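Structure first, commentary second.
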Amino acid sequence: MKESFHIKTSIKKYYILRMLLSLLFGMLFMGFSFFLGAEVIVSGIINFLTFMLVYKYSRLISIKNLHIEIIEEGMKIFNKRKNAKTIKWSEVYSYRIQSDAYFQSFFLKYKGGRIALHHDFNNDDDYDAFLIAIEKYIKLYNAKVIGSGIIKERGIYARVEARIIAVILVLILISLPFFAWNNNSGLAIGSLIFLYSSSLFFIYRVYMERKD
């Protein structure tokens, strides 16, 4: 029995380049809008929208294509630039699945090291089906072995540290509008919009983890 999956993962160093390009173009377009005499709020919105558009359409520079095969004994990961990596379930210690504002991530710790797959929420590959399949095969393996088997770790949002950060973010978000009001600039407003969206996502994820 074998299942095959095509997955598009994001490479972290190229992802950082995407962020820098997005910030750069956002600042350039905001400066251009100032030059044309646009209102402060309009400039802030242009800064935010430009960042999001460049971030979305620059994803091609940070994508790596993987082919993964899952069998009853383990899994194989095929990369065009490297030889296939074979991992047996008996070599795996634990795995973790988590989402944040930028990635759906899968982590696996095994005897030979660690695997991290970062997926940027695109719907043109088999990532979701891969997660369903790998949990199914791990459960089948755990049912056969004596002892703890492969452990599923809880995500970062379930930790005490994440709850503390969430409380701090709530307090910051309450006070930020007063800062933006006194600092009447397009950069402040654009940064405020970006910070709010990221922080609210983090708070939401912590709440959902606690609810579960």
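Mapping the sequence shown onto the working numbering, position 61 (from 1) lands on 56, and the numbers just tick up by one.
The beta-carbon is built from N, C-alpha and C at its ideal position, and this holds for glycine as well.
Predicted, not measured: the structure shown is a model, and the values here were computed from it.
A straight-line Cα-Cα distance of about 10 Å links residue 116 and residue 123.
Using a 10 angstroms sphere on the CB of residue 87, the tally of other CB atoms reaches 16 or more, which defines it as buried. Residue 65 is positioned such that its CB atom lies closer than 7 Å to that of residue 128. Note: residue 111 is bridge-paired with 102 in the DSSP secondary-structure output. Taking C-beta separations shorter than 7 Å and ignoring five residues to either side along the sequence, the partners of residue 168 in its chain run 191 and 194, following chain order. By the Cβ test, the stretch 92 to 102 is not in contact with the stretch 71 to 80, since fewer than three Cβ pairs between them sit closer than 8 Å. Just measuring C-alpha positions, the residue of 61, 132 and -1 sitting nearest residue 144 is 132. With a cutoff of 7 Å on beta-carbon distance, residue 6 and residue 75 are scored as not near each other. If you draw a straight line from the Cα of residue 100 to the Cα of residue 170, it comes to about 32 Å.
According to DSSP, residue pairing for residue 61 in a beta bridge involves 2 and 74. Pairing residue 109 with residue 148 gives a Cβ-Cβ distance that is not under 7 Å. Secondary structure at residue 143: coil, using DSSP grouped into helix, strand and coil. In the DSSP assignment, residue 92 falls within the unbroken beta strand (DSSP E) covering 87 to 94. By the neighbour-count criterion, in which 16 or more other beta carbons inside 10 Å mark a residue as buried, residue 2 falls on the buried side.
Checking the DSSP bridge columns, you'll see residue 69 partnered with 66 and 83. Taking C-beta atoms as the reference points, residue 0 and residue 72 fail to come closer than 7 Å. Remark: C-beta atoms of residue -4 and residue 68 do not approach each other more closely than 7 Å.
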